[in-house]
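> Below you'll find the structure I mean.
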Amino acid sequence: MEAMTFVLFGATGDLAKRKIYPALYNLYLDGKLPEAFSVIGLGRREIADEKFRGNVEQSLRQFSRRSPAEGEDLTPFLSSFRYHPLDVSHPDDYRKLLGAIETRERELGLPDNRLFYLSVAPEFFDAIAVQIQESGLGSTRGWKRLIIEKPFGHDLQTARELNDNLNRAFEEDEIYRIDHYLGKTMVQNLETLVLANPVIQAVWNKEHISNVQITASETVGVEERAAYYDQAGAIRDMFQNHLLQVLMMTAMRRPSQITAGNIREEKRKIIEALRPVSKNTVQENIVRGQYAAGELGGKPVVGYANEPGIFPGSNNDTFVAARLWIDHPDWAGVPFYLRTGKRMAAKSTRIVVEFKNPTEDLYAAKNEKTAPNLLIIEINPNEKISFLFNGKSSRTEGESRIEPVEMNFWVDQSVLPEAYERLIFDALNGDATFFAHWHEVELAWQWVQPVLEAFEADLLPLHPYAAGSNGPDASDKLLQEQGHEWWLDP
Ligand code: NAD
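At position 97 of the sequence shown the residue is numbered 97 (full-length UniProt numbering), and the sequence of numbers has no breaks.
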């Protein structure tokens, strides 16, 4: 891997502490960082280098999946780290930063390969990109790259504006938009599962698949993120980015070769083929909800409207379910059901693929029915693939009966890298396969925009659902119209 400088905006923030430093440390343990590596952490406050390194060490002890041993000397890892104060709105600070980076590049004999990581509030993204350009930070003879956190825009227009500003300093192939779902083991595994297995590939189409269900349910409420979440809602926080990315990864067709460019091209074809919703059709295909008071884990919890920091009478969505159609010849007539919500009965991110069942009545003479085959890909908290098929069991009073049998493939989670490790490693290597391309982001916003407008114009009811439930009844009806139901815990 090429020697480089890792410039981290937001080095004193929560994400840096919980995810970025632990990811760098685990990459270091696995020998996956460049031999010559300089990290420049940036934040508004003045902090001495020693103190900064102490904070990084503290975050490793608290958050790293492999924690340093008591008394372990972390100097070999931490000696790469320097701190530099910078206020994002002060142009002078960027020029000083350039001096600090160049000094380290000279000290370490580094080429001027620079990776800028924006782990700051989204309102700063534009200004930083512009300043990287104007201060000369981005004028390198080596390469430059930009990693940018979510959210990428608040709607279609702001996403386009942000992208235009980023493009003033970076080419598309230099921009790495993080969608951490794309770093998750099972989401990355989808590509192999579907494309590298001829048996699965053969049935991955409308001939055999009845419907696809993608769920991301959380048991937590809005927690400390009230100010952000009350403006974003489930539609922006989860649906426009993570769920649509998982949909693209699930539905993409086989390219001639697996390359970053081909995978992104196949994903783009899927999001391009999503049948648009309009103000007239949004009511039929989208359900909005907000959690009311209820019970979780045997304890009462308050409703969204009574959470600290939530605007009184807020009509923000904490639940969204949608029925989507992909106007692609291979997916004609196959509904994709997506849903996400907070304060739901279970924490679960999963894809359930329900296969068509032409054998349902094969045993009618024996008064039995077969169940549809299901392929369940659990993304979180388990990382597991299950296949449900029909088997014969003689457990029922000596009589043979057909019942669903489950075949499981568990991933050993104890050895798995975290999403941030994979994604940072890929960005260091210049591999953008599992980052969101601008086309995907723009098309996802384009699809979601009429839904946002319908929400704002109050065209959709906001269904209350009890905390600890599976969401509003209306989301069940969305599936019943097609004769389907959510597979909860088969
Ligand atoms: P944070 O508020 O904890 O940290 C913000 C950082 O920005 C701090 O280092 C602070 O010093 C710096 N900062 C604030 N104002 C500044 C200024 N004027 N000039 C220079 N630096 C300034 O935020 P966070 O939770 O770490 O989130 C960072 C980014 O990551 C955001 O875009 C957020 O949406 C995204 N993100 C965070 C999480 C998470 O779990 N924390 C998850 C996903 C995405």
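Quick reminder that beta carbons are idealized off the backbone N, C-alpha and C, glycines included.
Bear in mind that the values here come from a model prediction, so they are computed numbers and not experimental data.
Give the secondary structure of Pro490 by DSSP, where H, G and I count as helix, E and B as strand, and everything else as coil.
In the sequence shown, residue 490 corresponds to position 490, counting from 1. With a pLDDT of 41 at Pro490, under the threshold of 50, the modelled position of that residue is not reliable, and the figure given next carries that caveat. Pro490 falls in the coil class under three-state DSSP.
> Under 6 angstroms Cβ to Cβ from Tyr420, same chain only, skipping five residues before and after it: list those, please.
As a first step, residue 420 must be located in the sequence shown, where it is residue number 420. Excluding residues within five positions, the ones whose Cβ falls inside 6 angstroms are Lys19 and Ala23.
> Any idea if Pro76 is buried or exposed, counting beta-carbon neighbours within 10 angstroms, 16 or more meaning buried?
Working through the sequence shown from its first residue, we reach residue 76 at position 76. Exposed.
> Exposed or buried, which one is Asn373 when buried takes at least 16 other CB atoms within 10 Å?
Numbered from its first residue, the sequence shown carries residue 373 at position 373. Looking at its Cβ environment, which holds 16 or more other Cβ atoms inside 10 Å, Asn373 is buried.
> Could you tell me the distance, in whole angstroms, from the CA atom of Tyr21 to the CA atom of Val199?
Here residue 21 is taken as the residue at index 21 of the sequence shown, counted from 1. Here residue 199 is taken as the residue at index 199 of the sequence shown, counted from 1. Distance between the alpha carbons of Tyr21 and Val199: 41 angstroms.
> Using a Cβ-Cβ cutoff of less than 6 angstroms, which residues in the same chain neighbour His439 once the five nearest sequence positions on both sides are dropped?
Against the sequence shown, residue 439 aligns to sequence position 439. So the list reads Arg268, once near-sequence residues are dropped.
> Are the stretch 317 to 335 and the stretch 203 to 210 touching by the rule of at least three beta carbon pairs closer than 8 angstroms?
These segments touch.
> In angstroms with no decimal places, state the Cα-to-Cα distance between residue 519 and Glu72.
Missing from the structure shown is residue 519; the chain here goes from 1 to 490 and no further.
> Using the C-alpha atoms, what's the distance from Ile148 back to Tyr117?
The sequence position of residue 117 within the sequence shown is 117, counting from 1. The sequence position of residue 148 within the sequence shown is 148, counting from 1. Their backbone Cα atoms lie some 6 angstroms apart in a straight line.
> Could you tell me if Lys144 is buried or exposed, where buried requires 16 or more neighbouring beta carbons within 10 angstroms of its beta carbon?
As a position in the sequence shown, residue 144 is number 144, starting the count at 1. Buried: at least 16 other Cβ atoms inside 10 Å.
> Flag Glu218 as yes when its Cβ comes closer than 7 angstroms to any non-hydrogen atom of the ligand NAD, and as no otherwise.
Sequence index remark: in the sequence shown, residue 218 carries index 218 (1-based). No, the Cβ of Glu218 stays beyond 7 angstroms of every heavy atom of the ligand NAD.
> Beta carbon of Glu378, beta carbon of Ile402: below 8 angstroms?
To locate residue 378, count along the sequence shown from 1; it is residue 378. To locate residue 402, count along the sequence shown from 1; it is residue 402. Not closer than 8 angstroms, so no.
> Please indicate yes or no: does the CB of Glu149 lie closer than 7 angstroms to some heavy atom of the ligand NAD?
Position 149 of the sequence shown, counting from 1, holds the residue named residue 149. Yes, the ligand NAD has a heavy atom inside 7 angstroms of this Cβ.
> Grab the span of the alpha helix (DSSP H) containing Ser59 for me, first residue to last.
Within the sequence shown, the letter at position 59 stands for residue 59. Asp49 to Phe63 is the span of the alpha helix (DSSP H), which, as asked, contains Ser59.
> How far does the beta strand (DSSP E) with Met238 in it extend, from its first residue to its last?
Within the sequence shown, the letter at position 238 stands for residue 238. No beta strand (DSSP E) holds Met238; DSSP gives it neither H nor E.
> So the candidates are Ala121, Asp155, Leu190 and Asn315; which of them puts its Cα closest to the Cα of Leu452?
Translated into positions along the sequence shown, residue 452 becomes position 452. Checked all of Ala121, Asp155, Leu190 and Asn315; the closest Cα to Leu452 is Asp155.
> Can you list, in chain order, the residues of its chain with a C-beta nearer than 7 angstroms to that of Val352? Leave out the 5 residues immediately preceding and following it.
One-based indexing of the sequence shown puts residue 352 at position 352. Counting only Cβ-Cβ distances below 7 angstroms, and skipping sequence neighbours, we find Gln213, Leu374, Ile376 and Trp487.
> So is Pro490 buried or exposed if we call it buried at 16+ other beta carbons inside 10 Å?
Working through the sequence shown from its first residue, we reach residue 490 at position 490. Residue confidence for Pro490 is low, a pLDDT of 41 falling below 50, so the modelled location carries little weight; the figure read from the coordinates is stated next. Pro490 should be labelled exposed.
> Just the Cα atoms here: how many angstroms apart are Leu15 and Ser119?
By one-based count along the sequence shown, residue 15 stands at place 15. By one-based count along the sequence shown, residue 119 stands at place 119. Roughly 7 angstroms separates the two Cα atoms.
> Look up Asn380 in the DSSP assignment and give the residues it is bridged to.
Numbered from 1 along the sequence shown, position 380 holds the residue referred to as residue 380. For Asn380, which the question treats as bridged, DSSP gives the partners Thr349.
> If you drop the 5 nearest sequence neighbours on each side, which residues of the same chain put their C-beta closer than 7 angstroms to that of Arg66?
In the sequence shown, residue 66 corresponds to position 66, counting from 1. Asn26 and Leu29, listed in sequence order.
> Using 8 angstroms as the threshold, is the C-beta distance between Gly313 and Ala227 below it?
Residue numbering aside, residue 313 sits at position 313 when the sequence shown is read from its first letter. Residue numbering aside, residue 227 sits at position 227 when the sequence shown is read from its first letter. Not closer than 8 angstroms, so no.
> Taking the CB atoms as reference points, tell me whether Glu46 and Pro85 lie closer together than 8 angstroms.
Looking up residue 46 in the sequence shown gives position 46. Looking up residue 85 in the sequence shown gives position 85. It is a contact, given that the beta carbons lie within the stated cut-off.
> Heavy atom of the ligand NAD less than 7 angstroms from the Cβ of Asp92, yes or no?
Looking up residue 92 in the sequence shown gives position 92. No, Cβ of Asp92 sits at least 7 angstroms from all heavy atoms of the ligand NAD.
> Which ranges would you report for the alpha helix (DSSP H) in the stretch 425 to 485 if only whole runs of at least 4 residues count?
Counting whole runs of 4 or more residues, the stretch 425 to 485 contains the alpha helix (DSSP H) stretches 438 to 456 and 473 to 480.
> For the candidate residues Asp49, Asn211, Val320 and Val187, whose alpha-carbon lies nearest to that of Pro381?
If you number the sequence shown from 1, residue 381 lands on position 381. Closest by alpha carbon: Val187.
> For the stretch 94 to 160, list the beta strand (DSSP E) runs that are entirely contained and at least 3 residues long, ordered along the chain.
Whole beta strand (DSSP E) segments, 3+ residues: 114 to 118 and 144 to 148.
> Using a threshold of 7 angstroms, is the CB atom of Asp179 nearer than that to any non-hydrogen atom of the ligand NAD?
Along the sequence shown, read from residue 1 onward, the residue named residue 179 stands at position 179. Asp179 Cβ: outside cutoff for every heavy atom of the ligand NAD.
> How is Met1 classed by DSSP in three states: helix, strand or coil?
Numbered from 1 along the sequence shown, position 1 holds the residue referred to as residue 1. It is coil, neither helix nor strand.
> On a CA-only basis, which of Glu123, Ala121 and Leu137 is nearest Pro91? Give me that one, please.
As a first step, residue 91 is located in the sequence shown; it is residue number 91 there, counting from the start. It is Leu137 whose Cα lies nearest to the Cα of Pro91.
> Counting beta carbon pairs with one atom in the stretch 282 to 290 and one in the stretch 469 to 482, are three or more of them shorter than 8 angstroms?
A contact exists between the stretch 469 to 482 and the stretch 282 to 290.
> Do Leu74 and Glu57 have their CB atoms nearer than 8 angstroms?
Along the sequence shown, one-based indexing puts residue 74 at 74. Along the sequence shown, one-based indexing puts residue 57 at 57. Yes; because the gap between Cβ atoms is below 8 angstroms, this pair is in contact.
> Can you have a look at Thr259 and say buried or exposed, based on whether 16 or more other CB atoms are within 10 angstroms of its CB?
Your numbering for residue 259 matches position 259 in the sequence shown. By the 10 Å Cβ count, Thr259 comes out exposed.
> Out of Lys279, Leu8 and Ala251, point me to the one whose CA is closest to Phe336's CA.
As a position in the sequence shown, residue 336 is number 336, starting the count at 1. The candidate whose alpha carbon is nearest that of Phe336 is Ala251.
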